[in-house]
Amino acid sequence: MSEKITKDQETLICKRAIDTFGAAIQQVVAMEECGELIQAISKAIRCKTHNVEEEIADVEIMCKQLRIIYNSQKVDEIKQDKLKRLEGVVWNGQSRKQKNEEAH
């Protein structure tokens, strides 16, 4: 088994891809990879043969590049808000925002 790529190496590879191909092209590739994931999920629902895992990996790599191109910290902040909302829905049937609004 080959050595695993570390998070730092992953970041370096993704930065190099952006430098090599350009941010605009990598954004187009990200859109294409998302489309391929959509297609793979659709195929998985309809039949047993699929490549969803491969397409998830491709999308995750492209999302890493998008985080480099855009504001990764802002993405993290928005992700936290969305996860808190989801937490409220799945455990309590409502979002934390709704709870806070009801409390005030």
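Residue numbers (my numbering): 17 to 120.
All residues carry an ideal CB built from backbone N, CA and C; glycine is no exception.
Tell me which residues share the same chain as residue i and place their Cβ nearer than 6 Å to its Cβ, disregarding the 5 neighbours each side in the sequence.
| i | result |
| --- | --- |
| Q42 | I34 and Q81 |
| K20 | none |
If we ignore side chains and look at the alpha-carbon of each, how far apart do residue i and residue j end up?
| i | j | result |
| --- | --- | --- |
| K100 | G109 | 12 Å |
| E69 | K95 | 22 Å |
| W107 | K90 | 26 Å |
| H66 | N87 | 33 Å |
| S18 | Q25 | 14 Å |
| E93 | A60 | 32 Å |
Would you call residue i buried or exposed, if buried means 16 or more other Cβ atoms sit within 10 Å of its Cβ?
| i | result |
| --- | --- |
| E71 | buried |
| D97 | exposed |
Residues in its own chain within less than 8 Å of residue i by CB, not counting five upstream and five downstream?
| i | result |
| --- | --- |
| R83 | V91 |
| I85 | I34, A39, Q42 and Q43 |
| message | Under 8 Å: do the segment 55-69 and the segment 20-38 share three or more Cβ pairs, one atom per stretch? | response | no
| At least 3 beta-carbon pairs within less than 8 Å: the segment 41-52 vs the segment 70-90 | A contact between stretches requires three or more CB pairs, one per stretch, nearer than 8 Å, and the segment 41-52 meets this requirement with the segment 70-90.
| Whole alpha helix (DSSP H) runs in the segment 64-92 with 4 or more residues, listed along the chain? | Runs found: 68-85.
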